[in-house]
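J.: Numbering (UniProt numbering), first residue to last: 1 to 232.
Using N, Cα and C, we set each Cβ at its ideal position, and we do this for glycine too.
Have a look at the structure that comes next, please.
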């Protein structure tokens, strides 16, 4: 049996929202809550969920833009970027964190969950993964080019779980000065690992984007799997 996928519904105080669930062929394993970019739970995010499910994890990706419209999927062209920024700006981060907590509860209710749960987020989702870790909701966190983490370093001491951060050396949205600021703040925390990928731009993990960097993507995924295996 291969990876199986489905959309499920999760109840919240504001109504129901969808989440994309990917189950490994073994039907059991540790869990991952996968947190979207600003482009929604689109084809790329779903493929990442399926990739980690193939690696043996139960993966769930909540639709965090559902209050603006269910299952919004955007591409990476100019129109997609414009709408994505609008949706991000319209998103109440506090409510998004509540949705993530509800998603974690839904993942914990899966009969095949064995072991701990990690939060893995991309871009906007990377910042949310950082906050999810600071909120003490997961056992491990991984942030890919987490935008805005450098502006939330007042929460650094709240990161009590292992965390891996991936950054591209040529990221036009997250300058190396910001990465340096993050690294300096966590230099005394042995549980936090920061990896910088030479020549990689923002979004280097996404093969649907012009900024895709195959080598950085493969290395980051490998580093993530090793990190998960060591800490989850």
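In whole angstroms, what is the alpha-carbon distance linking residue 115 and residue 207?
T.: 30 Å
J.: Hey, residue 45 and residue 61 are a contact pair by Cβ (cut 8 Å); roughly how many whole angstroms apart?
T.: Between residue 61 and residue 45 the Cβ distance is about 6 Å, and since that is below 8 Å, they are a contact.
J.: Quick check: the segment 120–129 against the segment 90–104, are at least 3 beta-carbon pairs closer than 8 Å?
T.: yes
J.: Tell me the DSSP secondary structure of residue 44 in three-state form.
T.: Looking at residue 44 - three-state DSSP - the assignment turns out to be helix.
J.: Excluding the 5 residues flanking residue 185 on each side, which residues of the same chain have their C-beta closer than 8 Å to its C-beta?
T.: 153 and 156
J.: Determine the DSSP secondary structure at residue 230, reduced to helix, strand or coil.
T.: helix
J.: Near residue 173, which residues of its chain fall below 7 Å by C-beta distance, leaving aside the five closest residues on each side in sequence?
T.: 147 and 202
J.: Is residue 16 helix, strand or coil when you go by DSSP?
T.: strand
J.: How long is the line joining the alpha carbons of residue 135 and residue 141, rounded to whole angstroms?
T.: 11 Å
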